[in-house]
Every structure is written in structure tokens, then in C-alpha cells.
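**Q** Residues in the sequence shown are numbered consecutively from 478, following our numbering.
Even for Gly, the Cβ is constructed at its ideal location relative to N, Cα and C.
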Amino acid sequence: MQIPGNPSTLPTFPEGFLWGAATAAYQVEGAFEADGRGPSIWDTFSHTPGKVVQGHTGDVACDHYHRWREDLALMRELGLTAYRFSIAWPRIIPGGTGTVNRAGLDWYSRFVDALLEAGIEPVATLYHWDLPQALSERGGWLSRDVTSWFAEYAAATVGALGDRVARWTTLNEPWCSALLGYGQGVHAPGHRDPVEALIAAHHLMLAHGTAVPVIREHCPGAQVSITLNPTQVWGPPNPSEADLDAVRRIDNIHNGLFFSPIFHGTYPEGLLADTAHLTDHSWIHDGDLHAMSAPLDFLGINNYFPTRVRAAMPDEPGPEMALPGCERVIEVPPQPPLTDMGWEVSPVGHRDILVRAARESGLPIYVTENGSAWPGDYVDAEGRVRDPERTAYLLGHLHAAREAIDAGADIRGYFAWSLLDNFEWAWGYTKRFGIVHVDYDTQVRTVKDSGRTYAQVIAAHRASASE
Ligand code: FCB
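1. Name the two residues that bound the continuous alpha helix (DSSP H) containing Val-635.
2. Does the distance between the C-beta of Ala-601 and the nearest non-hydrogen atom of ligand 1 fall short of 7 Å?
3. Name the two residues that bound the continuous beta strand (DSSP E) containing Phe-522.
4. Quick check on DSSP: helix, strand or coil for Ile-480?
5. For ligand 2, is there any heavy atom lying closer than 7 Å to the beta carbon of Ala-768?
6. Bridge partners for Tyr-604 per DSSP, in chain order?
7. How is Trp-496 classed by DSSP in three states: helix, strand or coil?
8. Can you find at least 3 beta carbon pairs, one from the segment 626–646 and one from the segment 516–536, that sit closer than 8 Å?
9. Going by the beta-carbon positions, is the gap between His-731 and Val-710 smaller than 8 Å?
10. Do Trp-496 and Ile-830 come within 8 Å of each other at the CB atom, strictly closer than that value?
11. According to DSSP, simplified to helix, strand and coil, what is Gln-920?
12. Report the residue from Asp-622, Pro-599, Gly-658 whose alpha carbon sits nearest the alpha carbon of Gly-639.
13. Take Val-577 and list the residues in its own chain whose beta-carbon comes closer than 7 Å to its own, dropping the five residues that flank it on each side.
14. Roughly how many angstroms separate the alpha carbons of Glu-492 and Arg-939, rounded to a whole number?
15. To the nearest angstrom, how far is it from the Cα of Arg-561 to the Cα of Asp-792?
16. Compute the minimum distance between the beta carbon of Glu-901 and the heavy atoms of ligand 1, and state whether it is under 7 Å.
17. Confirm the yes/no value for this check: CB of Ala-892, any heavy atom of ligand 1, distance under 7 Å.
18. Name the residue from Ser-620, His-541, Arg-615, Gly-507 whose alpha carbon lies nearest to the alpha carbon of Phe-588.
19. Which same chain residues, not among the five before or five after Ala-688, have their C-beta less than 6 Å away from its C-beta?
20. Under 8 Å by Cβ, that's how I've got Pro-841 and Asp-887 pegged, so tell me the actual separation to the nearest angstrom.
21. Taking all protein chains shown into account, do 16 or more other C-beta atoms lie within 10 angstroms of the C-beta of Asn-715, making it buried, or fewer, making it exposed?
22. Quick check: the Cα distance between Pro-488 and Tyr-659, rounded to an integer number of angstroms?
23. Of the residues Ser-613, Phe-490, Leu-551, which one's Cα is nearest the Cα of Gly-515?
24. In whole angstroms, give me the CA-to-CA distance for Asp-817 and Glu-694.
25. Taking Asp-607 and Ala-565 to be in contact with their CB atoms under 8 Å, please state how far apart those CB atoms are, rounded to whole angstroms.
26. What are the start and end residues of the beta strand (DSSP E) that includes Ala-903?
27. What do you reckon, is the C-beta of Gly-501 under 7 Å from a heavy atom of ligand 1?
28. Just verifying my parser: in three-state terms, what is the DSSP assignment at His-914?
29. Among Ala-834, Asn-779, Phe-522, which residue has its Cα nearest to the Cα of Thr-845?
30. Excluding the five sequence neighbours on either side, which residues of its own chain have a C-beta within less than 6 Å of the C-beta of Val-691, listed in chain order?
31. Can you check which of these residues, Gly-819, Asn-649, Ser-823, His-524, is closest to His-876 by C-alpha distance?
Laid out in C-alpha cells, this is it:
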């Protein structure tokens with residue numbers, strides 16, 4: 478696929494297409510103790526030595542909590558028609574359950590009003606990984622009770638904002654919460670247990686499904702969704718039977734684990750058998766799959782890179798921290814070009830996973846995150862941040878989204894990750910994904926060249942739509 482260098486070669490997108498950018502509460506807000514916010518598992522994790530690169534935390538982040546007016550002005554400057562943000566559960570219910578913190582709700586309420594006034598549609602995510610610490614101490618995502626805790630939080634939040642916010646997302650990337658947070662230990666709460674990963678995934682989906690009717694009750698006419706992060710899985714050329722089986726297993730644990738229960742009301746074929754040596758699955762109760770598959774209005778897809786795997790050779794050790802059921806699967810090094818995260822750049826993979834997500838879900842799709850980190854962003858003497866790789870990535874993936882539309886996927890919007898450079902989880906501030914540069918010493922924001930290009934793309938699209 479050709480990667481264009483200039484926005485004038487971009488294809489057109491359907492009318493009403495949303496042009497957005499995305500952030501998440503813990504990554505940008507800072508103000509970790511302001512106005513009654515309680516601690517979350519990410520506060521605890523980032524303050525634990527050795528968990529985040531260079532000991533970085535989200536205490537201050539981009540200080541968006543205080544600088545939101547300036548950030549809103551940037552969104553206007555870019556011409557965004559939508560903004561995807563997440564709400565911090567520990568600001569709304571600091572203890573996880575019980576008392577609702579009015580000041581926390583008021584902050585989001587003011588912010589939403591200002592977005593609407595600017596003509597920017599708010600797209601709100603209820604959970605982007607910042608579980609109240611108090612709930613983690615009661616079992617977190619390993620406890621079935623999390624479904625009622627989440628429903629309580631959803632009711633309070635949607636009840637307060639649902640008169641103005643119509644588009645709701647329950648969870649952001651439950652794969653990461655479960656597999657990285659409980660399985661591999663690289664995200665909060667930092668557990669390393671493959672069975673816990675499966676249990677957490679199950680409870681995440683159950684909490685999602687339970688919250689769907691709660692959101693509808695508090696926001697009649699709501700557009701309700703979940704955001705998943707499927708990945709295109711590729712085996713080696715001329716794969717053996719074992720390689721094909723490795724692809725199947727990884728596809729199940731990355732993609733099927735969520736697609737099948739949520740869209741088909743069942744676990745994907747093989748996944749329970751592939752993990753039967755680890756667990757008896759007694760944590761799956763009657764009725765769970767029905768609850769998880771509550772009908773949705775759209776599906777959010779976050780996608781950055783494809784995954785390459787092969788089978789382990791008979792005498793070769795498996796990976797040290799295998800994904801459940803994938804004890805004999807080896808991840809193959811990605812093929813260049815690679816981003817600063819070491820992620821393979823593949824517009825083709827992006828197109829194909831969008832087409833698959835549309836087919837599996839039967840729903841309209843929004844690309845709720847896509848973007849790239851590159852080394853060496855800095856503000857030069859002319860006040861510019863020259864980031865040609867990020868621009869090429871952006872345009873290449875927009876092309877891919879258009880190709881997915883041509884192949885039948887009903888794609889209705891694109892949200893660049895991210896509006897701002899921000900706290901990149903275990904990588905702290907060392908990876909920059911923003912289309913706007915943030916100087917963390919001064920909090921000065923500078924629109925990068927990629928942001929300027931994105932603004933041109935949006936302006937061209939809006940002009941042709943109004944012709
Ligand atoms: C996604 C997360 C988002 C950000 C990007 C780079 O997995 O949803 O918060 O960290 O990756």
C-alpha cells in the first residue's frame with residue numbers, strides 16, 4: 478500500500494464522519510489529589526518503584542485538569558469535530574462505591590458544556606484503566622462484585638452527564654486491563670497469573686454488559702459501545718500445522734476472547750479447551766454470556782500494529798510469560814518500519830482488522846485510537862515540531878480506513894491518539910504519541926507538523942462536505 482506524504486491525495490470520507498482526537502484521564506489530567514479525587518490502581522502502581530520507566534507518575538501529567546481551556550482551544554484550532562476522553566472513576570466515587578463526589582462530576586460537566594459550545598462532540602469512556610484503589614483491595618476485576626460497583630459508577634456518571642453526552646463507551650481495551658494488568662504484570666495492578674487474566678477478562682465483559690442497560694436508562698437515545706484492541710495476527714510464510722495452530726491460539730486470546738462473547742454470546746471455539754490445563758472455568762456462571770452480549774450501537778476499535786507469531790520448535794522453550802493457552806507460541810520480531818514503541822507500521826493490517834471487526838460485530842465502527850510514537854520530537858528554533866514519520870503514519874492509516882470502508886466496513890469516525898503527548902503507562906513520559914507536543918517542564922503545548930496536517934485533512938473534508 479502506498480503511504481502518501483500529503484493530505485491532498487487523501488480520499489474522501491462519508492458525510493458525518495467524525496474527526497477526533499483521544500486522551501485518557503490518568504494520562505493527561507494530573508491533579509491527582511484535587512477536589513476530592515481518590516487514589517486509583519495506577520497511582521499505586523506508578524508510585525511503586527520499578528513499575529514505570531524512570532519512576533514517572535501521573536501526578537501532574539499534562540495538568541489538563543487545570544489547563545483544559547487551553548486544550549479545548551487547541552482542539553478548535555485543529556478543527557476537531559469530536560473529542561474522546563475518559564472519566565476518572567476515582568474522581569466520581571473516590572472510594573469506588575458509596576459517596577458520589579459532586580466536585581468531580583462538576584468538573585466533567587463544565588468540560589462537556591464547553592466542548593458542546595465549541596461544536597465538538599463529546600465521546601466519553603467510563604473506564605480507561607483507573608480503577609479506584611479501594612476496589613482493588615476488595616478484589617478488583619477478580620471479584621464478581623465489580624459488576625455492581627461498575628453499574629453504580631455508570632449510573633452516577635451517566636445520570637449527571639447523559640443529558641448532554643450521547644456517545645458512551647463502557648471500557649477501553651479490556652484486553653490490556655486483563656492480560657497486561659493481571660496476566661503479565663506490566664500494567665496495574667501488576668499481577669502475573671494467567672488464570673487471573675482470564676477471570677478479569679470475564680468480569681470486565683460482565684461489567685460491560687451489565688452497564689449497557691444502566692447507561693440506556695440514564696440516557697435515553699444513548700449510543701452505547703465498547704472499545705476493543707484487536708490485532709491482525711500473521712503466521713510465517715509457508716506455515717506448518719503447528720504454526721497455524723499458534724496463529725489460531727493467539728487470535729483467540731487477542732481477538733476472539735472479546736469478539737465472541739460480546740457479539741456472539743459464546744467463548745471462541747477452542748479457547749476453553751486450550752486453557753483447560755489452567756482452570757476449570759467455574760467462574761463462568763449461567764447467564765453471564767447472555768449479559769455480556771447486550772446489544773450495542775457501535776464498536777470502537779483501537780489499533781496500532783499487527784502481531785506475528787510462529788510455533789515453538791519441539792526443543793525450544795516457550796515464552797517466559799505466556800498468554801493463557803499460548804505456552805508454545807513464539808512472538809516473531811516485527812518487520813520494519815518500527816515506531817519508538819517497537820511496533821510494526823502496517824496500514825494493511827489496520828485495514829484488515831477494521832474489516833474483520835465490522836464483519837464480526839455487524840456494527841458501525843469508530844477508530845477510537847490510532848497513532849504512533851517516534852523518537853526525537855522537539856520544538857525547533859522556528860517553533861515547529863517536525864515529525865514526518867507520524868504524519869506518514871497518520872495519512873497511511875487514514876487511507877487504510879478508507880479502504881476498509883470500500884471493502885464494506887461502516888466506519889464513521891477516526892480519533893488520533895493522542896491529542897497531547899502524555900503519560901504512556903509503563904513507559905511514563907518517554908514515549909510521545911501526541912499530535913501536539915507537551916513540554917513537561919513548562920506545560921507549553923506546540924502543535925506538531927502532524928497536527929497541522931491533520932487540521933488540513935479535516936478542513937478539506939469539511940469544505941467538501943459543505944459544497
Ligand atoms: C492504547 C491505550 C492508550 C495509549 C495507546 C498508545 O493501548 O488505550 O491509552 O496508551 O495504547
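**A** Let me spell this out:
1. 623–638
2. no
3. No beta strand (DSSP E) holds Phe-522; the alpha helix (DSSP H) holding it covers 518–523.
4. Low confidence applies to Ile-480: its pLDDT is 43, below 50, so where it sits in the model is not reliable enough to give any reading.
5. This structure lacks ligand 2; its bound ligands are ligand 1.
6. Answer by DSSP bridge pairing, in chain order: Leu-648.
7. strand
8. no
9. Yes, these two residues count as a Cβ contact at 8 Å.
10. Result no, Cβ atoms of Ile-830 and Trp-496 do not sit closer than 8 Å.
11. coil
12. Per the Cα distances, Pro-599.
13. Ile-569, Ile-570, Ala-633
14. 9 Å
15. 47 Å
16. yes
17. Contrary to the premise, residue 892 reads as Phe rather than Ala in this sequence. It does not: the Cβ of Phe-892 is nowhere closer than 7 Å to a heavy atom of ligand 1.
18. His-541
19. Here the set comprises Phe-627, Ala-628, Ala-631, Thr-647.
20. 5 Å
21. exposed
22. 42 Å
23. The shortest Cα separation from Gly-515 among Ser-613, Phe-490, Leu-551 belongs to Ser-613.
24. 43 Å
25. 5 Å
26. Taken as a continuous stretch (DSSP letters only), Ala-903 belongs to no beta strand (DSSP E), as it is neither H nor E.
27. Looking at the sequence provided, one finds Ala at residue 501 rather than Gly. Yes.
28. Three-state DSSP puts His-914 in a strand.
29. Asn-779
30. Ala-628, Ala-631, Ala-632
31. Ser-823
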